[in-house]
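Beneath this line is the structure, given in structure tokens, with notes to follow.
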Amino acid sequence: MIPMSKYIPQQIEPKWQQAWAAQGLYDTHEDTTRPKWYALTMLPYPSGDLHTGHWYAYTPSDAAARFKRMNGYNVFFPIGFDAFGLPAENAAIKNGVHPKVWTYANIERMIAQLKRMGAMWAWDHMAISCDADYYKWTEWFFLKFYDAGLAYREYAPVDFCPTCNTTLAREQVWGDDRHCERCGTPVIRKSLQQWKFRITNYADELLDGLETIDWPERVKTMQTNWIGRSRGAEVTFATEQGDPIVVFTTRPDTLWGATFMVLAPEHPLVDSVTTDAQRAAVDAYKEEATRLDEIQRAATDKEKTGIFTGGYAINPVNDERIPIWIADYVMMGYGTGAIMAVPAHDERDFAFARKFGIEIRRVISGPDGATGPLEAAYGSKSEGELVNSGSFTGTPVAGAAGKVIAWLEETGKGKAATNYRMRDWLFSRQRMWGSPIPMIHCPTCGVVPVPYEDLPVLLPDDAQFLPTGESPLKYHEAFLHVQCPKCGGDAERDTDTMDTFMCSSWYQYADISPNYLPGQTIHADSMPWDPEKGRYWLPVDQYTGGIEHATMHLLYTRFFTKALRDIGLVNFDEPMVRLFNQGMVLGTDGEKMSKSRGNVVNPDDMVDRYGADTVRGYLMFIGPWDQGGPWDPKSIEGITRFLQRAWAVVTDAAHNPPAGEPSADDVRMLERKLHQTIIKVTDDIGAFRFNTAIAALMELNNMLMKYKETTLPKAPIWDEAVDSLLLLMAPIFPHISEELWHLRGHEASVHVQQWPQGSATKAQEAMVEIVVQINGKIRERLQVAPGTSAAALEAEALANANVLKWMDGKAARKVIAVPDKLVNVVV
RNA sequence: GCCGACGUGGCGGAAUGGCAGACGCGAUAGACUUAGGAUCUAUUACCUGAUAGGGUGUGGAGGUUCGAGUCCUCUCGUCGGCACCA
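Numbering (the numbering used here), first residue to last: 126 to 952.
Next up, the structure:
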């Protein structure tokens with residue numbers, strides 16, 4: 126007899142967490158007899174305080190991992206820290222503590238907080254990206270990319286955050302006001318020497334690969350937009366002097382409508398095409414364009430400006446002479462920095478031509494055959510046909526572009542071309558707390574890579590942090606000065622560090638065997654992780670994390686994996702087979718939790734009060750995981766009550782059983798409910814629908830609660846139901862289910878048990894209720910055996926007195942009968 | 001401007017085209033209790049009605065269907081992404 130007792134999570138949770146750790150219950154072992162499952166959640170930054178958002182990201186993914194494990198998978202579920210980053214450095218400047226000290230203190234604190242979640246993480250595989258034996262490999266990857274021609278250094282205008290005092294990648298500049306993704310400050314433009322990765326080499330593959338992975342459509346759409354592939358043609362115009370000017374166009378079918386050409390103000394041919402008469406005005410315009418920042422230039426509602434260069438270009442399709450203008454609506458950074466302007470069929474060119482009185486020549490007829498003057502640009506690609514277009518006149522516009530491209534290629538006037546919106550990944554950061562870029566600048570030899578054998582380039586532990594806005598590495602003599610590996614002469618190290626997205630691009634590989642080959646000399650042909658373990662575990666089967674990384678981390682890590690494949694380190698194309706984006710848990714007021722709003726819910730307080738199981742369960746109960754939702758301080762009580770009732774079901778039942786035997790009907794009813802619950806919970810957890818899984822668990826428990834003082838607990842089905850309930854609860858509520866499992870006399874952990882098998886036959890209702898509708902309105906309900914045929918249902922319905930009453934003597938015009946569902950009589 | 005997601009009780013939410021509102025919170029009434037912000041029982045979309053019953057109802061307007069929260073068209077609103085990208 127299980128003694129009656131009370132559910133006190135504060136007693137059982139630490140007890141089981143310690144027991145699990147002592148037993149090594151969650152240690153990872155390769156095991157070829159079971160299918161592997163690599164489950165990973167985006168690693169946290171060690172800010173020093175775990176917030177509710179972390180709980181919302183991690184505890185459901187833990188439940189999903191536990192579920193997989195109980196379903197026979199050998200699950201690898203690592204945790205670690207994405208530990209480089211600016212907050213550590215800012216703290217150093219403020220408090221004079223080295224970022225390393227600050228970071229590792231935070232990590233220690235956060236590990237303690239994370240452990241309270243009761244998750245099944247493989248702590249023996251924890252990777253920390255600021256460990257020297259981790260960033261040794263980050264540097265190694267850089268050198269491999271450099272050797273493969275994927276890393277290059279370029280002097281160009283770049284986005285710079287004046288608050289973070291560093292350059293940013295385009296992906297890290299957000300919103301209409303072009304602000305810094307991490308601090309919100311609007312960025313400024315600076316021209317600097319910066320390191321970039323040729324992610325654009327993989328643009329097509331990054332786009333096409335989206336079709337092969339099971340990722341949310343939202344992320345795929347965002348990446349598709351971000352990559353921004355557009356297909357068209359490059360057409361070579363010529364200046365009157367004979368210099369070629371290549372333009373990119375998506376509408377080669379409108380070439381005959383080009384009435385002028387526009388160059389970006391920065392275009393290299395501007396000076397040579399400009400006539401002396403126009404030179405002063407052109408120079409003034411160029412200066413004005415440089416002065417305007419990107420935001421002002423990019424404002425779409427801005428009035429078009431531009432100036433005639435005095436020069437002319439020859440349109441290769443008809444040898445027409447067209448004026449060359451410069452205008453800031455043409456960007457040097459996209460396409461070729463030059464366009465053919467077809468005002469009749471492009472909105473922007475139309476506005477420009479209207480303003481400056483340039484000819485608008487129609488080369489596509491309207492859907493009605495109209496060829497008259499246009500009041501607005503007509504851009505249809507499907508309706509109308511080409512007019513005034515030489516030998517192409519009369520070609521339907523649908524498909525015309527392809528025909529024109531073929532002709533351009535035949536005649537050598539142009540060729541098919543594809544352009545991308547995405548740019549190369551600028552990853553140099555002018556900050557100290559990141560992985561050093563292992564490059565040396567030698568006055569004699571130029572830029573020289575650090576030899577692989579000399580890795581890692583270590584960050585100095587004695588750097589001085591001053592509020593100058595500049596990296597301490599620039600002033601650290603011991604770090605800075607180095608002998609050139611090539612000529613042996615005095616040289617300097619690169620003082621930029623890598624974007625932390627470089628570190629997080631490969632943590633899924635680091636986790637396999639963290640800090641691989643610690644302290645050892647590594648070479649160009651070394652392997653950054655244990656190859657045998659890698660073959661077993663990779664790639665990641667299920668990745669989870671926030672959508673905010675859609676065009677940053679989630680794009681970079683895909684690029685990284687494709688580059689590793691081409692270098693020969695992995696044999697797959699995509700790092701994460703499946704992705705799930707959880708939503709955001711909001712404050713009580715429905716707004717994003719923030720200190721300034723004062724709506725922050727501290728998870729540690731909640732765990733102190735309710736226990737981890739309640740917090741876990743409540744977060745999963747709020748709503749669909751990908752939707753997020755507001756924290757309701759009252760609603761969480763419902764989960765605590767549920768757990769208390771589950772406790773009561775186990776500990777109270779059959780203390781004072783009434784005399785007699787349980788009825789067969791009751792036994793059957795409980796069996797039915799049990800199997801319905803198993804089927805529902807299995808489906809739901811498998812699809813991350815934790816909210817409805819918990820609702821189903823509550824329903825089963827409510828039934829057990831209702832019958833616990835009856836004779837039913839004497840029946841074997843009772844024990845089966847209670848044990849199954851605990852098994853079904855185990856992924857979401859690991860502590861209480863473990864405690865109750867043992868209270869019921871089981872020896873082995875609930876978490877190593879087999880997931881219960883639901884039986885559709887046993888879940889079948891004895892009688893089903895058939896709704897009878899007259900003209901779609903419910904008028905009667907029939908109890909019939911499941912599977913009763915449509916014909917039998919129809920007969921029974923039409924014989925029913927109440928049905929006949931509502932039919933009001935009219936004949937049935939049509940009867941729809943659906944077995945186990947309904948009968949609809951149309952009169 | 002373009003693309004995408006989402007609009008259901010007082011609240012969070014549930015519903016393979018087939019009984020709208022599961023489950024939970026809150027509320028109301030009752031039981032137990034010295035007490036209750038504990039626990040248990042019952043009720044709880046709205047209108048009407050004493051009950052039975054009847055009617056209405058998933059942002060709005062149409063449509064498809066025997067039948068629509070679900071599918072289609074238009075529209076309003078909220079949120080997100082992209083945007084002088086040629």
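We treat Cβ as the ideally placed atom computed from N, Cα and C, and that holds for glycine.
Note that the structure is predicted; figures quoted are calculated from it, not measured.
3-residue-minimum beta strand (DSSP E) runs that sit fully inside the region 651-681, ordered along the chain: 665-670
R343 to E786 span [Cα, whole Å]: Position 218 of the first sequence holds residue 343. Position 661 of the first sequence holds residue 786. For R343 and E786, the distance between alpha carbons rounds to 56 angstroms.
C-beta atoms of V740 and V732 nearer than 7 angstroms: One-based indexing of the first sequence puts residue 740 at position 615. One-based indexing of the first sequence puts residue 732 at position 607. Taking 7 angstroms as the Cβ cut-off, V740 and V732 qualify as a contacting pair.
Cβ-Cβ distance between P728 and T177 below 7 angstroms: Taking the first residue of the first sequence as 1, we reach residue 728 at position 603. Taking the first residue of the first sequence as 1, we reach residue 177 at position 52. In this structure, T177 lies closer than 7 angstroms to P728 by Cβ.
Nonlocal neighbours in the same chain, by C-beta distance under 7 angstroms from Q878, ignoring five residues either side: One-based indexing of the first sequence puts residue 878 at position 753. Contacts found: M195, L852.
Euclidean distance between Cα positions of R271 and T593: Within the first sequence, numbered from 1, the residue matching residue 271 stands at position 146. Within the first sequence, numbered from 1, the residue matching residue 593 stands at position 468. Correcting the residue type first, residue 271 is Tyr in the shown sequence and not Arg. The alpha-carbon atoms of Y271 and T593 are separated by roughly 31 angstroms.
Q318 (DSSP reduced to helix, strand or coil): As a working note, residue 318 is residue 193 in the first sequence. Looking at Q318 - three-state DSSP - the assignment turns out to be strand.
Segment contact flag, the region 213-231 with the region 153-169, C-beta cutoff 8 angstroms, min 3 pairs: no
C-beta contact flag for M167 and G670 at 7 angstroms: Working through the first sequence from its first residue, we reach residue 167 at position 42. Working through the first sequence from its first residue, we reach residue 670 at position 545. Their beta carbons are under 7 angstroms apart, which means M167 touches G670 by this criterion.
Residue closest to Y259, alpha-carbon to alpha-carbon, out of G334, I692, W654, M709: Here residue 259 refers to the residue found at position 134 when the first sequence is read from its first residue. Ranking G334, I692, W654, M709 by Cα distance to Y259 puts W654 first.
7 angstroms Cβ shell around Y151 - same chain, five flanking residues per side excluded: Numbered from its first residue, the first sequence carries residue 151 at position 26. Residues W145, M245, W246, A247 of the same chain have their beta carbon placed closer than 7 angstroms to that of Y151, with the five preceding and five following residues left out of the count.
C567 versus L799, T325, V607, H250, residue with shortest Cα-Cα distance: As a first step, residue 567 is located in the first sequence; it is residue number 442 there, counting from the start. Of L799, T325, V607, H250, the residue nearest in Cα terms is V607.
Those residues which DSSP pairs with R618 across a bridge: The sequence position of residue 618 within the first sequence is 493, counting from 1. Paired residue(s): I565.
The region 574-581 touching the region 278-295, judged by at least three CB pairs closer than 8 angstroms: For the pair of segments examined, the region 574-581 was found not to touch the region 278-295: the number of CB pairs separated by less than 8 angstroms stays below three.
A603 versus D586 - alpha carbon distance: In the first sequence, counting from the first residue as 1, residue 603 sits at position 478. In the first sequence, counting from the first residue as 1, residue 586 sits at position 461. The straight-line gap from Cα to Cα measures roughly 11 angstroms.
Contacts around G431, its chain only, beta-carbon distance under 8 angstroms, and the 5 residues preceding and following it disregarded: Counting from 1 along the first sequence, the entry for residue 431 is found at position 306. So the list reads V387, Y410, W450, I451, A452, D453, Y454, F477, F481, once near-sequence residues are dropped.
Nearest candidate by alpha-carbon position, reference D698, set T686, N706, D396: For this step, residue 698 is matched to residue 573 along the first sequence. Among T686, N706, D396, the Cα nearest to that of D698 belongs to T686.
Length of the line joining the Cα atoms of C955 and F552: Within the shown structure, residues of the chain are numbered from 126 to 952, placing residue 955 beyond reach of any answer.
Range covered by the beta strand (DSSP E) that runs through W772: Translated into the one-based positions of the first sequence, residue 772 becomes position 647. Element bounds for W772: not the beta strand (DSSP E) but the alpha helix (DSSP H), 761-777.
Residue environment, A588, which counts as buried when at least 16 other CB atoms sit within 10 Å: Stepping through the first sequence from its first residue, residue 588 is reached at position 463. Burial call: buried.
Of the residues P856, T765, E834, the one placed nearest P783, counting alpha carbons only: The residue given as residue 783 occupies position 658 in the first sequence. Ranking P856, T765, E834 by Cα distance to P783 puts E834 first.
Contacts around G901, its chain only, beta-carbon distance under 8 angstroms, and the 5 residues preceding and following it disregarded: Start at 1 with the first residue of the first sequence, and residue 901 comes out as number 776. Taken in chain order, the residues that qualify are N949.
C-beta contact flag for V512 and V529 at 7 angstroms: In the first sequence, residue 512 corresponds to position 387, counting from 1. In the first sequence, residue 529 corresponds to position 404, counting from 1. No, these two residues do not count as a Cβ contact at 7 angstroms.
Alpha-carbon to alpha-carbon, V710 and R989: The displayed coordinates of the chain run from 126 to 952. Any statement about residue 989 would go beyond what the structure contains.
Status (buried if at least 16 other CB within 10 Å, exposed otherwise) for K269: Position 144 of the first sequence, counted from the start, is the residue given in the question as residue 269. Buried, since its Cβ has 16 or more Cβ neighbours within 10 Å.
Every unbroken alpha helix (DSSP H) within the region 724-758, with a cutoff of 4 residues, ordered by chain: 728-735, 737-746
W450 (DSSP reduced to helix, strand or coil): Position 325 of the first sequence, counted from the start, is the residue given in the question as residue 450. Here W450 sits in strand by DSSP.
DSSP bridge partner residues for H304 (one or two, in chain order): Here residue 304 is taken as the residue at index 179 of the first sequence, counted from 1. W299, P311, per the DSSP bridge assignment.
Validate contact between the region 824-834 and the region 785-804 using beta carbons, cut 8 angstroms, 3 pairs: yes
Contact the region 556-564 vs the region 607-627: 3+ CB pairs below 8 angstroms: yes
A469 vs G357 beta-carbon contact at 7 angstroms: Residue numbering aside, residue 469 sits at position 344 when the first sequence is read from its first letter. Residue numbering aside, residue 357 sits at position 232 when the first sequence is read from its first letter. In this structure, G357 does not lie closer than 7 angstroms to A469 by Cβ.
Proximity below 7 angstroms, CB of I324 to CB of W631: Your numbering for residue 324 matches position 199 in the first sequence. Your numbering for residue 631 matches position 506 in the first sequence. In this structure, W631 does not lie closer than 7 angstroms to I324 by Cβ.
7 angstroms CB neighbourhood of F957 in its chain, flanking five on each side removed: This structure gives no information on residue 957, because the portion of the chain shown stretches from 126 to 952.
Own chain partners of Q889 with C-beta closer than 8 angstroms, once the 5 adjacent residues on each side are dropped: What you label residue 889 is simply residue 764 of the first sequence in a count that begins at 1. Closer than 8 angstroms at the Cβ level, and outside the excluded window around Q889, lie R797, P911.
Within 7 angstroms, strictly: CB atoms of M547 and A328: Here residue 547 is taken as the residue at index 422 of the first sequence, counted from 1. Here residue 328 is taken as the residue at index 203 of the first sequence, counted from 1. Yes, the pair counts as a contact, with Cβ atoms nearer than the cut-off.
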